[in-house]
Amino acid sequence: MSLLLDTAPATAEVVQSTIGFGTDNLYTDILIVVLIVVMLALLASALMVNRAMKSIIKITMPELAKEEKLKKAANKGWMKRSWNKIMGIRPISEEKDIVIDHEYDGIRELDNPIPIWFNFLFYGTIFFGLVYLFVYQVSGIGMNQDQEYEHEMVVAEKERQAYLTASASNVDESSVEFQPEMAADGKAIFTANCVACHGGSGEGGIGPNLTDKFWLHGGEIKDIFKTIKYGVPDKGMVPWEQTLSPAQIAQVASYIITLRDTHPANPKAPQGEEVTYGAGQAASGEKAADESKADQAETEKKAE
Ligand code: HEC
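Taking my numbering as reference, the numbering of the sequence shown is continuous, increasing by one, and the terminal residue is 971.
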């Protein structure tokens, strides 16, 4: 027995210090399960020892066992009485005291008191109602439906913003898309960083013309994003990775897409290859038509 008592606190301590089931550590979880099993085993053996002790007492000291039995019986009687009180039950022997003095066709009525549980419930609801009224209507401690709705909307909006900024800054050259609404912010970035080399309207200068169909490194949004991000250091185009955030690069790239075919004054001569813009990339519907025309020309050639 003393052995059991000695080990119990020690195991309890271990469980306390590793509390928090389902942590990332599998071994901690296994340890907790094992400890629970061990403690259950200890409990079971303690109960068995207890039973064995009792039967020994029954045999060796019968008077003591009898006394215990009586105590138990008395206890039971007390419990039953309080139960009856709560339920408002009167024993049949007391029925004659509460019978009411009238009778209809042999049916008599008992004047049973309202049971305590019922009164408890009844006054309890009144009390609850008062507290509720005070908390939600009078004091303003609790939020009513409208306030709760507003509160949740504010929280959701915050989460939405956080999600949007997170997804915007996760963008890279493989996931970037042309978004017209980003172009305005992109223009500001362009004005602040790029005009010195590419001209105020993208007509070109030190750097190439960004408004024509000719591109050194590709004219789709993904190509442009990549050029801006990594630059072309040997040719004087700065890598902007360190200076601009991915979201900002996506904005300025979207702005450059909007410069397509704007024909600014003093354009720099075309450099690179002519690009027919891909079908998926927003800007012009003509290019799709151009492409199909080219296809047609090709098939005609083949036919000849
Ligand atoms: C110091 C001058 C300089 C600055 C500043 C500069 N660029 Fe450039 N940029 C260049 C040069 C030079 C090239 C041509 C690189 C080559 O020849 O491969 C270039 C090329 C590019 C291209 C590819 C053009 C093509 O034909 O494929 C894009 C897109 C571009 N720049 C965007 C930007 C943006 C956006 C900024 C501002 C964030 C910027 N550049 C700032 C000098 C600059």
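For each residue, glycine too, the CB sits at the ideal point set by N, CA and C.
{"Check": "Classify residue 842: buried if its beta carbon has 16 or more other beta carbons within 10 angstroms, exposed otherwise.", "Outcome": "exposed"}
{"Check": "Taking the alpha carbon of residue 765 as the point to measure from, which residue in 771, 756, 773 has its own alpha carbon closest?", "Outcome": "756"}
{"Check": "Given this structure, state the Cα-to-Cα distance separating residue 894 from residue 944, to the nearest angstrom.", "Outcome": "17 Å"}
{"Check": "May I ask you to verify whether the segment 913-927 touches the segment 837-857, counting CB pairs closer than 8 Å and requiring at least 3?", "Outcome": "yes"}
{"Check": "For the alpha helix (DSSP H) that residue 703 lies in, which residues bound it at each end?", "Outcome": "693-727"}
{"Check": "Measuring CB to CB, does residue 869 end up less than 9 Å from residue 877?", "Outcome": "yes"}
{"Check": "What number of angstroms, rounded off, separates the C-alpha of residue 891 from the C-alpha of residue 898?", "Outcome": "10 Å"}
{"Check": "May I ask you to report which of helix, strand or coil DSSP gives residue 826?", "Outcome": "helix"}
{"Check": "Apart from the five residues on each side of it in sequence, which residues of its chain come closer than 6 Å, Cβ to Cβ, to residue 866?", "Outcome": "872"}
{"Check": "Less than 9 Å between the C-beta atoms of residue 939 and residue 904, yes or no?", "Outcome": "no"}
{"Check": "Using a Cβ-based criterion (distance less than 8 Å to any ligand heavy atom), does residue 860 qualify as near ligand 1?", "Outcome": "yes"}
{"Check": "At the level of alpha carbons, what is the spacing between residue 781 and residue 809?", "Outcome": "35 Å"}
{"Check": "Please name the residue, chosen from 889, 881, 901, that lies closest to residue 628 on a Cα-to-Cα basis.", "Outcome": "Outside the shown range of the chain, which is 668 to 971, sits residue 628, and nothing can be said about it."}
{"Check": "At what residue ranges does the segment 804-875 contain a whole run of the alpha helix (DSSP H), taking only runs of 4 or more?", "Outcome": "812-836, 850-860, 862-865"}
{"Check": "For residue 737, which residues does DSSP report across the bridge?", "Outcome": "In the DSSP output, where bridge partners are listed per residue, residue 737 has none listed."}
{"Check": "Kindly indicate the opening and closing residues of the beta strand (DSSP E) around residue 766.", "Outcome": "766-771"}
{"Check": "Is the CB-CB distance between residue 731 and residue 724 below 9 Å?", "Outcome": "yes"}
{"Check": "Specify the secondary structure class of residue 774 as computed by DSSP and reduced to three states.", "Outcome": "strand"}
{"Check": "Does the Cβ of residue 946 have 16 or more other Cβ atoms within 10 Å, making it buried, or fewer, making it exposed?", "Outcome": "Model confidence at residue 946 stands at a pLDDT of 45, short of 50, so the residue's coordinates are unreliable and nothing is read from them."}
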